[in-house]
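As they're listed, the protein sequences go chains B and U. Start counting the first sequence at 1; every next residue gets the next number (the working numbering). Start counting the second sequence at 113; every next residue gets the next number (the working numbering).
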Amino acid sequence: ELKVEQNPLFLSMQEGKNYTIYCNYSTTSDRLYWYRQDPGKSLESLFVLLSNGAVKQEGRLMASLDTKARLSTLHITAAVHDLSATYFCAVAGTYNNNDMRFGAGTRLTVKP
Amino acid sequence: NAGVTQTPKFRVLKTGQSMTLLCAQDMNHEYMYWYRQDPGMGLRLIHYSVGEGTTAKGEVPDGYNVSRLKKQNFLLGLESAAPSQTSVYFCASLRTSGYNEQFFGPGTRLTVL
Chain B
1 ELKVEQNPLF LSMQEGKNYT IYCNYSTTSD RLYWYRQDPG KSLESLFVLL
51 SNGAVKQEGR LMASLDTKAR LSTLHITAAV HDLSATYFCA VAGTYNNNDM
101 RFGAGTRLTV KP
Chain U
113 NAGVTQTPKF RVLKTGQSMT LLCAQDMNHE YMYWYRQDPG MGLRLIHYSV
163 GEGTTAKGEV PDGYNVSRLK KQNFLLGLES AAPSQTSVYF CASLRTSGYN
213 EQFFGPGTRL TVL
């Protein structure tokens with residue numbers, strides 16, 4: 001069964017600092033997603049990673065995928081308050097590409 | 113384009129009542145999904161559909177039924193609501209061209225008393 005683990009679950013950062021969120025999954029997968037969710041809001045797509053070694057960057061966020069290690073990372077560079085949100089990774093199963101499994105989420109708080 | 117819309121936005125039910133949540137998308141996507149989100153947890157897949165007239169079970173299907181009579185609509189039904197079904201429900205559709213991106217609706221907050 002496909003399981004997805006994120007860590008840390010809670011992250012409090014100072015503005016200007018760097019940090020990394022980790023997403024491990026238990027079986028092979030074709031697709032890995034990163035989402036952002038603000039309180040009381042829906043999910044916003046950040047990145048879709050489709051192949052081993054894929055790296056994507058948008059502003060202060062960079063996501064990477066290592067399919068051999070079954071690991072994705074979301075790196076935050078020089079955090080700002082506007083990045084405060086909950087970040088989820090989600091993985092699509094290989095045998096059933098529609099069986100999406102989400103991590104529990106990382107609640108990020110960026111303090112001035 | 114409205115994207116993915118959900119009706120209603122909020123609902124309170126009593127145990128044993130039934131209701132239907134409606135999801136509509138105007139992007140001509142074949143794939144649609146229903147998820148639930150509980151506090152401190154990620155989204156869990158309830159049911160999904162790979163096209164008009166087709167549905168399949170996800171990770172937590174018990175207590176729910178779905179229908180996809182029209183390509184643009186995906187309905188989620190609760191026949192006899194239970195307090196354990198108190199949750200926020202999200203619908204999503206999938207664009208299969210390009211990066212296989214999922215688009216989410218705004219969510220429906222359901223409380224079962």
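Backbone N, C-alpha and C define an ideal beta-carbon position, used for all residues, glycine too.
*Can you give me the Cβ contacts of Glu191(U) inside the same chain, cut-off strictly under 6 Å, excluding the 5 residues immediately before and after it?*
Here residue 191(U) refers to the residue found at position 79 when the second sequence is read from its first residue. Result list for Glu191(U): Ser130, in chain order.
*Decide if Gln149(U) is buried, meaning its Cβ has at least 16 other Cβ atoms within 10 Å, or exposed.*
Taking the first residue of the second sequence as position 1, residue 149(U) is located at position 37. Flag for Gln149(U) reads buried.
_Straight-line Cα distance separating Gly59(B) from Val172(U)_ = Locating residue 172(U) in the second sequence gives position 60, where the first residue counts as 1. Locating residue 59(B) in the first sequence gives position 59, where the first residue counts as 1. Each residue's Cα considered, the two are about 36 Å apart.
*Exposed or buried, Gly40(B), counting other C-beta atoms within 10 Å across all chains shown (16 or more means buried)?*
Taking the first sequence and counting its residues from 1, the one referred to as residue 40(B) is at position 40. Gly40(B) should be labelled exposed.
*asked:* Using beta carbons (cut-off 7 Å, strictly below), is Arg70(B) in contact with chain U?
replied: Looking up residue 70(B) in the first sequence gives position 70. Not one chain U Cβ lies under 7 Å of Arg70(B).
*Less than 7 Å separating the beta-carbons of Tyr147(U) and Phe215(U)?*
One-based indexing of the second sequence puts residue 147(U) at position 35. One-based indexing of the second sequence puts residue 215(U) at position 103. Cβ atoms of Tyr147(U) and Phe215(U): not closer than 7 Å.
_Quick check on His81(B): does DSSP put it in helix, strand or coil?_
Within the first sequence, the letter at position 81 stands for residue 81(B). The answer is helix: DSSP assigns His81(B) an H, G or I state.
*So which residues on chain B does Glu213(U) lean against when the C-beta distance must stay under 7 Å?*
Working through the second sequence from its first residue, we reach residue 213(U) at position 101. By Cβ distance, chain B contributes Ser45, Val48.
*If you draw a straight line from the C-alpha of Thr28(B) to the C-alpha of Gly105(B), how long is it?*
Your numbering for residue 28(B) matches position 28 in the first sequence. Your numbering for residue 105(B) matches position 105 in the first sequence. Roughly 20 Å between the two C-alpha positions.
*Is there a Cβ from chain U that is less than 7 Å from the Cβ of Asn24(B)?*
Residue mapping note: residue 24(B) aligns to position 24 of the first sequence, counting from 1. Chain U contact via Cβ: absent.
*Please state whether DSSP places Gln214(U) in a helix, a strand or coil.*
To locate residue 214(U), count along the second sequence from 1; it is residue 102. The answer is strand: DSSP assigns Gln214(U) an E or B state.
*Who are the Cβ neighbours of Leu11(B) in its own chain at under 8 Å, not counting the five residues just before and after it?*
Within the first sequence, the letter at position 11 stands for residue 11(B). For Leu11(B), where only same-chain residues beyond five positions count, the Cβ hits under 8 Å are Tyr19, Ile21, Thr106, Arg107, Leu108, Thr109.
*Taking 7 Å as the cut-off, decide whether the C-beta atoms of Arg180(U) and Thr167(U) are in contact.*
As a first step, residue 180(U) must be located in the second sequence, where it is residue number 68. As a first step, residue 167(U) must be located in the second sequence, where it is residue number 55. Cβ atoms of Arg180(U) and Thr167(U): closer than 7 Å.
*Determine the direct distance from the alpha carbon of Ser209(U) to that of Leu185(U), and round the result to whole angstroms.*
Locating residue 185(U) in the second sequence gives position 73, where the first residue counts as 1. Locating residue 209(U) in the second sequence gives position 97, where the first residue counts as 1. One point to set straight first is that residue 185(U) is Asn, not Leu, in the sequence displayed. Cα to Cα, Asn185(U) sits roughly 20 Å from Ser209(U).
*Whose Cβ in chain B lies nearer than 7 Å to the Cβ of Met153(U)?*
As a position in the second sequence, residue 153(U) is number 41, starting the count at 1. Under the 7 Å cutoff, chain B gives Ala104.
*Locate the beta strand (DSSP E) running through Thr109(B), then write down its first and last residues.*
For the purposes of this step, residue 109(B) is taken as residue 109 along the first sequence, with counting starting at 1. Counting along the chain, the beta strand (DSSP E) containing Thr109(B) begins and ends at 106-111.
*Can you tell me which of Leu222(U), Lys126(U), Tyr145(U), Gly128(U) puts its alpha carbon nearest to the alpha carbon of Cys135(U)?*
One-based indexing of the second sequence puts residue 135(U) at position 23. For Cys135(U), the nearest C-alpha among the options comes from Tyr145(U).
_Of the listed residues Arg36(B), Pro8(B), Leu49(B), Asn7(B), nearest to Asp82(B) (C-alpha basis)_ = Locating residue 82(B) in the first sequence gives position 82, where the first residue counts as 1. Ranking the options by Cα distance to Asp82(B), first place goes to Arg36(B).
_DSSP three-state assignment for Gln197(U), whether helix, strand or coil_ = Along the second sequence, one-based indexing puts residue 197(U) at 85. The answer is helix: DSSP assigns Gln197(U) an H, G or I state.
*Closest by C-alpha distance to Thr67(B), when choosing among Glu1(B), Ser84(B), Tyr25(B)*: As a working note, residue 67(B) is residue 67 in the first sequence. Nearest option by C-alpha distance: Tyr25(B).
*Between which two residues does the beta strand (DSSP E) harbouring Gly163(U) extend?*
Sequence index remark: in the second sequence, residue 163(U) carries index 51 (1-based). It is not in any beta strand (DSSP E) - Gly163(U) carries neither H nor E in the DSSP assignment.
*Can you give me the start and stop residues for the beta strand (DSSP E) that Ser72(B) sits inside?*
Position 72 of the first sequence, counting from 1, holds the residue named residue 72(B). Per DSSP, Ser72(B) belongs to the beta strand (DSSP E) from 71-76.
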